[in-house]
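Before any comments, here is the structure.
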Amino acid sequence: MSGVAKRSLWRDLSLPSVVAGFITVLVGFASSAVIVFQAAQAVGATQAQIASWMWALGLGMGVTCIGLSLRYRVPVVTAWSTPGAAMLVVGAGAVGYSDAIGAFVLAAVLGMLAGFSGVFAKVMRRVPMALAAGMLAGVLLRFGLDVFVSMGTQLGMALAMFATWLAGRRLFPRYAVIATLLVGVAVSAAQGLLHVEALRVELAVPVFTWPTLSWQAVFGIALPLFVVTMASQNIPGVAVIRASGYDTPISPVIGWIGVANTVLAPFGAYGLNLAAITAAICMGREAHEDPARRYTAAVAAGAFYLLVGLFGATVAAVFAAFPKELVACVAGIALFGTIANSLATALREEADREAALVTFLVTASGLSLAGIGSAFWGLVAGGICLVVLRPRMVA
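Next comes the structure, spelled out in structure tokens:
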């Protein structure tokens with residue numbers, strides 16, 4: 008272990024690892040930033056606050072990627088919670104902005120405690136994966152549908168984007184979403200739908216919001232955000248690390264991500280977690296032939312995330328200039344794979360299938376009771392089904 012700790016970053020760094028880090032950020036950012044933008048709007052964030060979200064998330068991902076990768080000399084790649092952002096778009100409801108910030112802080116603290124206490128795996132085992140996947144699929148369903156709803160108002164642009172994604176999945180799957188976004192921007196520009204006259208390069212200014220909490224925010228945002236982030240992001244993130252052959256100490260990694268998330272949540276860092284899909288880019292042979300030197304790709308990714316955070320105001324302005332149909336299309340297309348995987352996981356086990364289906368349907372319905380969104384009620388309904396249908400397992 009001491010030999011690993013003495014490795015030199017500058018000696019280990021290489022051009023392929025820097026490129027891998029850049030691609031990691033580009034793929035992760037281009038495929039899901041629009042969803043984060045929608046989430047910020049859903050909880051009532053102003054343009055300045057949206058820029059602060061980008062600042063906080065970029066800073067959080069940058070610091071955790073760099074710090075944890077250097078600490079353990081393995082590629083630790085973090086990301087914002089895309090499913091968590093999607094849940095906010097669908098289920099934030101009438102929760103006020105400061106209450107939403109309070110929910111972010113609470114979810115981050117829960118993640119921190121779940122990590123440092125070592126009960127991360129134990130806690131998640133109490134929430135059947137089928138129910139968590141069913142809830143996630145229900146949250147994301149609207150995004151997939153919006154791709155085709157957009158065809159009703161912007162048929163040419165939406166069809167061009169869908170066709171690009173389809174061709175990209177066949178010919179260049181890693182960059183399919185990026186190509187889809189570029190085609191959407193090109194078509195929008197040709198049709199005069201981009202409002203770029205006010206764009207300018209501008210550094211983000213962090214906006215602190217004092218957290219408050221309501222019981223609607225606790226049950227409608229904090230708890231579902233914690234569950235969906237842990238189940239659909241951190242667990243796959245751990246699986247990618249293990250599958251890549253790295254023996255990373257997971258409990259402190261999850262705990263320190265929670266610390267960074269807690270500190271930055273009042274500025275808009277709604278959810279930070281281990282990356283899964285993009286992490287694989289930093290852990291493969293493309294990053295470096297020597298697995299022991301691939302941590303430098305994650306460090307490079309962290310540096311690029313810091314740049315994204317610094318220019319968060321420009322990023323927010325760019326997405327504000329896009330037509331809503333473009334945002335809806337690229338968000339939905341980017342989530343096609345996650346929706347498919349969630350449904351497959353939810354319905355895989357026959358014994359859990361009906362409970363998972365009920366969770367999916369209740370969540371997708373948009374049901375809101377007592378000011379609490381459908382993600383929570385979906386888990387409740389699915390849990391009741393498990394109690395009735397599989398009492399021995401629950402006991």
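Heads up, the sequence shown is in my numbering, so the first residue is 8 and it goes up one at a time.
Glycine included, each C-beta is placed from N, C-alpha and C at the ideal position.
Computed from a predicted structure; not experimentally measured.
- For W263, the three-state secondary structure derived from DSSP is helix.
- Each of G65, P82, L75 was checked against the Cα of G252, and the nearest Cα belongs to P82.
- With a 10 Å radius around the Cβ and a threshold of 16 neighbouring Cβ atoms, A63 comes out buried.
- DSSP, read as helix, strand or coil, puts L200 in coil.
- When C-beta atoms of the stretch 221 to 234 are compared with those of the stretch 103 to 112, three or more pairs fall below 8 Å, so the two segments count as touching.
- Of all alpha-carbon atoms in G145, G151, L314, A283, the one lying nearest the alpha-carbon of G98 is that of G145.
- The Cβ atoms of T370 and M142 sit closer than 7 Å to each other.
- Relative to A170, the option among I340, L350, G122 whose CA is nearest is I340.
- Rounded to whole angstroms, I242 and V394 show a C-alpha spacing of 25 Å.
- Inclusion of A308 and V32 in the CB contact set at 7 Å is warranted, their separation being smaller than that value.
- When Cβ pairs closer than 8 Å are counted between the two stretches, the stretch 117 to 128 is seen to touch the stretch 261 to 281, the count reaching three or more.
- Residue environment: F318 is assigned as buried (16 or more neighbouring CB atoms within 10 Å of its CB, all protein chains considered).
- Annotation: A52 is outside any beta strand (DSSP E) and is labelled neither H nor E by DSSP.
- As far as DSSP is concerned, L189 takes part in no beta bridge.
- Rounded to the nearest whole angstrom, the C-alpha separation of E357 and G151 is 25 Å.
- A distance below 7 Å separates the beta carbons of Y312 and G65.
- For the options R301, L95, M237, Y182, the alpha carbon positioned closest to that of L16 is the one of R301.
- With a cut-off of 8 Å on Cβ pairs, the stretch 162 to 169 is in contact with the stretch 187 to 204, counting three or more such pairs.
- A distance below 7 Å between beta-carbons, with the five flanking residues on each side excluded, links W384 to the following residues of its chain, in chain order: V369, L374, L376.
- T285 places its beta carbon less than 7 Å from that of V34.
- For W87, the three-state secondary structure derived from DSSP is strand.
- Per DSSP, the continuous beta strand (DSSP E) segment holding N280 begins and ends at 279 to 281.
- Residue burial is scored here from C-beta neighbours: G159 has fewer than 16 other C-beta atoms within 10 angstroms and is therefore classed as exposed.
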